[in-house]
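Chains as they are written, first to last, in this note's numbering: chain A, 154 to 343; chain B, 154 to 343.
Where a beta carbon is used, it is the ideal one built from N, C-alpha and C, also for glycine.
As the structure is a computational prediction, the values presented were derived from the model and not from experiment.
Reviewing the structure listed below.
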């Protein structure tokens, strides 16, 4: 998606070997017009999938996910992240390991908001090692909901998340695909 | 705002003496059409204030705030919540005590995203004791930004937050004002 790639080139900051900071338009300061464009693009890419619900994880996934849900005319549910959690009959829970923070969090969705047979689209801001998406997929499986696809704002193709999802036959659409960082610059795939 | 009051009557759940759960349309499952309507109403209410930026706190404020920012054609910044924080020259930080969770969190905004003289609109999902809004006001003051108003989705008029903001002469607009809970039912102010 050209406007997103242009924005990453203009405002993204490469830190070290594999970190891209996009906190001035995506995950701290947020550009609402861009979020709307991302949401509409996700809706277009998954238009034939009869999506019933959009799922994401707080907090950075919320803005693109709510615009995707708006464009698809369906509700959005954001999973809550908790450091510790008491297992409850009322929620679906999955573990999510963060390589960045080197800690395990739990993500949870109330059972009232995810049902058997629902066709769900997962949205997240980044796909690197695929931990957050895997957590949401575990929750969907526990609810017997069907994951019809995964929409990612920024994918780092050189980390293992994309290959793992491809191996499982998941329909993944990433709006920007980063192949590498070279001399502090972003190199896009394709 | 009638559609919001109707939705609270229809889908809100009163728990105990003073808790209203709106997790099926506002802060866990999210109704994107309603969020858009809330955002447009905030933009209308603060249309004359020359807003430069919308601020909120993750996570539940993000959806209404991003639609308010869209309607106002300005960026949105969501403050990050942290349990513990190392003071940094790069961020503005304030403490926020949660009466619900009985714990203090810190909220932070990167100094790159808030500047002297900026006219900021604070948005949050709930106003009860006013702790989150007070934290954002402290951050704005530290940045020498000007808080031109506070937009709240659901205000509980019987808790001390509104009176505290009125005492400080802050322009507050709440889209639903709850005066009391009686027999498990919501009683709106006015």
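Within 8 angstroms, strictly: CB atoms of residue i and residue j
i	j	result
residue 209 of chain B	residue 262 of chain B	no
residue 249 of chain A	residue 258 of chain A	yes
residue 218 of chain B	residue 267 of chain B	no
residue 280 of chain B	residue 251 of chain B	no
residue 274 of chain A	residue 221 of chain A	yes
residue 325 of chain B	residue 315 of chain B	yes
residue 213 of chain B	residue 173 of chain B	no
residue 296 of chain A	residue 269 of chain A	yes
Cut-off 6 angstroms between Cβ atoms - residues of its own chain near residue i, not counting five sequence neighbours on either side
i	result
residue 193 of chain A	224
residue 203 of chain B	272
residue 169 of chain B	none
residue 198 of chain A	326
residue 289 of chain A	208 and 275
residue 285 of chain B	210, 249 and 277
residue 293 of chain A	273 and 300
residue 166 of chain A	174
residue 287 of chain B	none
residue 171 of chain B	none
Inter-residue CB distance, residue i and residue j (contact presumed, cutoff 8 angstroms)
i	j	result
residue 312 of chain B	residue 282 of chain B	5 angstroms
residue 228 of chain B	residue 184 of chain A	6 angstroms
residue 303 of chain A	residue 323 of chain A	6 angstroms
Close-in-space but distant-in-sequence residues of the same chain around residue i (CB under 7 angstroms, 5 per side omitted)
i	result
residue 291 of chain A	247
residue 244 of chain B	261, 262, 263 and 264
residue 216 of chain B	183 and 188
residue 196 of chain A	221, 224 and 225
residue 238 of chain A	246, 259 and 261
residue 236 of chain B	258
residue 317 of chain A	283
residue 190 of chain B	156
Proximal residues to residue i (C-beta, below 8 angstroms), its chain only, five neighbours per side dropped
i	result
residue 111 of chain B	Given a span of 154 to 343 for chain B in the structure shown, any question on residue 111 of chain B remains unanswerable.
residue 329 of chain B	154, 157, 158, 161, 306, 307, 308 and 341
residue 142 of chain A	Outside the modelled stretch of chain A, which goes from 154 to 343, sits residue 142 of chain A, for which no answer is possible.
residue 164 of chain A	175, 177 and 178
Chain-ordered chain D contacts of residue i [CB-CB under 7 angstroms]
i	result
residue 216 of chain B	The structure shown contains no chain D; its protein chains are A and B.
Residue i CB to nearest heavy atom of the ligand HEM below 7 angstroms
i	result
residue 307 of chain B	Here there are no bound small molecules, and the ligand HEM is not part of this structure.
I want to know whether the region 232 to 242 of chain B touches the region 324 to 334 of chain B - three or more CB-CB distances under 8 angstroms.
No, because fewer than three Cβ pairs between the region 232 to 242 of chain B and the region 324 to 334 of chain B fall closer than 8 angstroms, the two stretches do not touch.
Continuous alpha helix (DSSP H) assignments of at least 4 residues falling wholly in the region 211 to 278 of chain A:
215 to 225
Minimum length 3: unbroken beta strand (DSSP E) runs contained in the region 292 to 336 of chain B:
299 to 309 and 325 to 335
Unbroken alpha helix (DSSP H) runs of length 4 or more, entirely within the region 174 to 213 of chain A: which are they?
185 to 198
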